[in-house]
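Have a look at the structure below, then the notes.
Chains as they are written, first to last, in our numbering: chain A, 1104 to 1639; chain E, 702 to 1105; chain P, 92 to 491.
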């Protein structure tokens, strides 16, 4: 039972995409993720559906990839995508000459880019900096990376792939210079496992360096930290970018019920990649630059700060390691390092996850002598059917406490959520309207192990109160559907509110600090959860 | 309008101060933005953590509000208890030795007083019942039976669990958000629902003598628990829920009514936004509703950040109304990134002199007192002293005003 | 000073206090409650109008959530604004009739004996219910024969004799249904040395237009009223209203719901009880009370919009100044009528359930009658209890 054609290590968008692509081509795939899905760089970026315009001037290849994938994702992942449109604005301190070059480059890359009157830009997006002197309309949008990854995983599983989360790869099984499988430990149960496959795919992002090292292979990577801020509501409904050479904090993206500004860029040591905090200087920079895009950010509540690590890969032909490859990097370690059965997929970006998967699986097919075409550009992801989602929304809102938010999140799959009784319709998370039925659906169908996983599948605890009101309810609902005993539920609850607070702490002033005080009162005071921890 | 004393804030400190003033013949008005943090009450009041709280406070440093009360704490504790009881907030416990109250997640937490009828333990290790039925309203999400059940079992209690419903609650549950503690409590204000619940208790509890329920027994009525005990012959105990806290709301209402019955006036929905000074003393305050109030003395009981007395701007912590001197770390140092560590912001607050007169620009304002959570120098969560500081400083301030 | 977010709903910490004090959610499970309908829902509605829930129409706009909120969130305004922006329910004949209080009133007062007699007939009330969905158990306030404005025209000369003058915003109810309240107001003001004028062309304040969905018309009337108030203000006149709801609408709803800037005149719009109480406190004004006035026990009910204005205490203090009045202050709670809300058939049960404990308290108070500053509270209490209801100004006038 532990034999597969391919083992994919890493449950980000790329790994999920590879698993799905394999499954759709009839390749037996196992995906192994040490944590939950989308916990690394996938879940820690803007959630921007790039039009590619940002790269048009400096990196034509990336720009072309982006716009192609952009159009594909709108079709195959419609419930993960919002067609917000995007603006590239020129401020008085920027040059309009750049704008001309920008438009020309966009058009050359196949990205529609239309200069519009700044007055019109203010009508299209009222929050935009009113001092703007130029604006270009591009087909940007927003994409929810959690939903996207979850939908890929769901489809992979529907087509026979196996997925193991909370499973750490301890070592690669290497037989006569060839990678033939992995040895693993389940991080929850401690259970060990051995899985074998003809090919192992390294889709670990920045952590891929460590996996490769287990096969004695060196990949030069540079961890680049990017910090972002989440605002309490949708400040803008159109993506706002700065029309200048790409720099810090110049993209403002509306996503579901919030808006995100980002990002910064700084080198971090590898040992910090697992535990990143956003510094006061980064917050300052994000707010300063962000409010140039939309001045309202200066007086909008900030829900939290977070940071991700971009896996920048040093070009193989540059021994100094300084020249960084921006594009997709597929490494066949058989040709590169003489290690058969091992492939690394890295570089790239969330936008190109599908293309990265396609290239990787093309390579796998070649190596395994399988003749199967990639269909991921056409086959819709589960839940993604625009017209029927819209129909569902219409019927959903007609009822009190309707499932509008659920359809927004799960597309047509929301029909699988039980809302037949008052008990199932009761809201656990009031900010994001997550019902008991939706929690149960996520636990049963979407591979949820704990409250943080639940948050990634449903947005539970991602709203204004950051779980202050709902975390305890959710812990109880999860425990009661048999996922955990009460001690585990309490530990989970404690872990969840701790994780929420880590994001709030760097921006804890104003109403966010007030919320923090309430959070602390309820869980440290009224519930005395720190004491609950001691008895275990 | 003119009063002897105007109190800014409407929480536990403000209400205790107000009641003490009006029952000593002073006129007093309370100005409050909205309802107080009693709405998130655990059903207990803390004096200080430790087996013997009165002993524990002796060792506190001079920055702690208790250090200004010195040896009066014991007497203030007695007076605070008396006022709560006069208002109809029945409590158990005394200041000599803490007891323990069961929290919504089943922990046993030290406290000085707890509201009558809640699950408590003398020593934190044992309970005075050996079997119990936990009875929870069906579909009520702010109380999880299992948390409490497992904790009780750890304390060697034999536990049975049951859900109950009433026709009115079945209707109520059709609302996806409003099946809150208060909705259940309101239903139990009605005699027919009490009778129905009593018969459910009798049926479900069988031989079990103790029945534990979330604290949802009556919203307006305070006799629901005793009615149920009388009808069923069982001992009924409650455990606090997640907000809103029915016990806390009842306490706030009882204190407000007592204050008003004794002649106090409450300006609800008013935020004090401006003030005038006269020869170094506060002369008037004006509220967000355009009401100007004059008084001989003013009490700042406006709470911490959540209460609205303090405000953390990116530039620093300020006291909102008077711009009083603040003792607080830099904004970037206000928090500890570990939620369950001592949070520095909890200890932020205003500076006062030995009589709790508020310091503004280094000078104590002669007729402006501070009390409760707006004060600096203590961590109410970690020290378990929020209620004690609120009530004792409020009463000390009231005494000073009365004696002047 | 506090720093306010452009989006006031963000000040919400999800503390649930508002849910405790919502009179509708307490009795009607179809209403999502102020937290979900207000700040929670507003955040979602920013994603798109499809997140608007028509059950927000069940909010009776009492604003008790706002008075309760410790974070100064304008919950009621958020809900009403969402209705204005998103509600797909178009107002019909019933809404037109209920909302256009002045238009309907001006026709009805001409033929008031006929209207009163007809609306009073049981079969007619059933027809009204059938055709208009207005509950048959509701009794329309009787229309007066002749308007207050007509009466005032005859007083002009006499009123001009006073050195000090104020402008009176009488509202539709005084004009068409209860001119005696306006007359009582004039009597009290005259006793204080003030002559009373009317605004140039007063229109209905628009509260019923707003709640019934006629926003454009409400705006038009509001603009007209603001112009009249500005004119009075420029002439040095305070504008005083007896109705707490009219006052609240002119001062707060114009700005918050109709998006009209009234900042220049807002402070000049006052409520009768507050205006008179402040006069009596300034040391220059006194009233001569009639020593023979009979002792009365009066129960005071504070209307929701007066609570929101924050001025309840003025009415109470004013009543306390009247020597022959023994005052009982009722616990502040909504009576359930909320203007035209309670007249709608679908709201009748909610409306009466909300008021139930108030009615019981009134019956138990052993008062001779009830006093309140709001005309619709008066209708509701008179319909639902055995007591008559008067405005504090009427109580005051009767004691002079």
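Quick reminder that beta carbons are idealized off the backbone N, C-alpha and C, glycines included.
Here the structure is a predicted model, which means the values were calculated and not measured.
Run through the DSSP bridge pairs and tell me what residue i is partnered with.
i, result
"residue 177 (chain P)", "For residue 177 (chain P), which the question treats as bridged, DSSP gives no partner whatsoever."
"residue 1413 (chain A)", "A:1327"
"residue 1288 (chain A)", "A:1271, A:1295"
"residue 956 (chain E)", "Looking at the DSSP assignment, residue 956 (chain E) forms no beta bridge with any residue, so it has no partner."
"residue 1255 (chain A)", "Its beta-bridge partners do not exist; DSSP assigns none."
"residue 746 (chain E)", "E:814"
"residue 1265 (chain A)", "A:1133"
"residue 1407 (chain A)", "A:1333"
"residue 1450 (chain A)", "A:1431"
Is the separation between the beta-carbon of residue i and that of residue j shorter than 8 Å?
i, j, result
"residue 1624 (chain A)", "residue 1082 (chain E)", "yes"
"residue 127 (chain P)", "residue 878 (chain E)", "yes"
"residue 1333 (chain A)", "residue 1361 (chain A)", "yes"
"residue 1175 (chain A)", "residue 1480 (chain A)", "yes"
"residue 1532 (chain A)", "residue 806 (chain E)", "no"
"residue 1109 (chain A)", "residue 1302 (chain A)", "yes"
"residue 1228 (chain A)", "residue 1340 (chain A)", "yes"
"residue 152 (chain P)", "residue 436 (chain P)", "no"
"residue 800 (chain E)", "residue 1078 (chain E)", "no"
Name the two residues that bound the continuous beta strand (DSSP E) containing residue i.
i, result
"residue 800 (chain E)", "800-803"
"residue 767 (chain E)", "Counting along the chain, residue 767 (chain E) falls outside any beta strand (DSSP E), though it belongs to the alpha helix (DSSP H) covering 766-770."
"residue 873 (chain E)", "Run containing residue 873 (chain E): none in the beta strand (DSSP E); it sits in the alpha helix (DSSP H), 868-873."
"residue 1355 (chain A)", "1354-1358"
"residue 862 (chain E)", "859-865"
"residue 1014 (chain E)", "1011-1014"
"residue 1191 (chain A)", "1189-1193"
Hey, could you find the ends of the alpha helix (DSSP H) residue i is sitting in?
i, result
"residue 361 (chain P)", "No alpha helix (DSSP H) contains residue 361 (chain P), which is instead part of the beta strand (DSSP E) from 360-362."
"residue 1123 (chain A)", "1116-1127"
"residue 718 (chain E)", "713-723"
"residue 815 (chain E)", "No alpha helix (DSSP H) contains residue 815 (chain E), which is instead part of the beta strand (DSSP E) from 814-816."
"residue 1082 (chain A)", "This structure leaves residue 1082 (chain A) out entirely; chain A is present only between 1104 and 1639."
"residue 233 (chain P)", "That residue, residue 233 (chain P), is in no alpha helix (DSSP H); it is neither H nor E in DSSP."
Quick one: list the residues of chain P neighbouring residue i, beta-carbon separation under 7 Å, in chain order.
i, result
"residue 1335 (chain A)", "101"
Please compile the residues from chain E whose C-beta is within a distance smaller than 7 Å of the C-beta of residue i.
i, result
"residue 127 (chain P)", "878"
Who are the neighbours of residue i on chain P, taking C-beta pairs under 9 Å?
i, result
"residue 734 (chain E)", "160, 161, 162, 163"
"residue 988 (chain E)", "401"
"residue 1571 (chain A)", "104, 105, 106"
"residue 1037 (chain E)", "Result: empty, since nearest Cβ-Cβ is about 20 Å, beyond 9 Å."
Which chain A residues are close to residue i, counting only those with a beta carbon under 7 Å from its beta carbon?
i, result
"residue 131 (chain P)", "1533, 1534"
List the residues of chain E that residue i touches, going by C-beta distances under 9 Å, in chain order.
i, result
"residue 443 (chain P)", "Those within 9 Å of residue 443 (chain P) in chain E number zero; the least Cβ separation is about 16 Å."
Can you find a CB in chain B that lies within less than 8 Å of the CB of residue i?
i, result
"residue 1601 (chain A)", "No chain B is part of this structure, whose protein chains are labelled A, E and P."
- Task: Check whether the segment 1208-1220 of chain A touches the segment 1308-1324 of chain A, counting contact only when three or more Cβ pairs, one atom from each stretch, lie closer than 8 Å.
- Result: no
- Message: Does the segment 994-1014 of chain E come into contact with the segment 1568-1587 of chain A, if we say contact requires no fewer than three beta-carbon pairs (one atom in each stretch) closer than 8 Å?
- Response: no
- Query: Are there three or more Cβ pairs, one per stretch, closer than 8 Å when the segment 1048-1068 of chain E is compared with the segment 965-984 of chain E?
  - Reply: yes
- Does the segment 717-727 of chain E come within contact of the segment 959-966 of chain E, defined as at least 3 CB pairs closer than 8 Å? yes
- Below 8 Å, can you find three or more Cβ-Cβ pairs linking the segment 442-462 of chain P to the segment 386-397 of chain P? yes
- Query: Can we say the segment 1123-1141 of chain A touches the segment 1334-1346 of chain A, given the rule of at least three CB pairs closer than 8 Å?
  - Reply: no
- Query: Counting pairs of beta carbons, one from the segment 1043-1062 of chain E and one from the segment 737-747 of chain E, are three or more of them closer than 8 Å?
  - Reply: no
- Message: Within 8 Å, do at least three Cβ pairs link the segment 1522-1530 of chain A to the segment 840-852 of chain E?
- Response: yes
- Query: Can at least three beta-carbon pairs, one atom from the segment 1269-1286 of chain A and one from the segment 1404-1414 of chain A, be found at a separation below 8 Å?
  - Reply: no
- Any 3 or more C-beta pairs closer than 8 Å across the segment 1459-1467 of chain A and the segment 1106-1125 of chain A: yes
- Item | Segment contact flag, the segment 895-905 of chain E with the segment 1548-1558 of chain A, C-beta cutoff 8 Å, min 3 pairs | no
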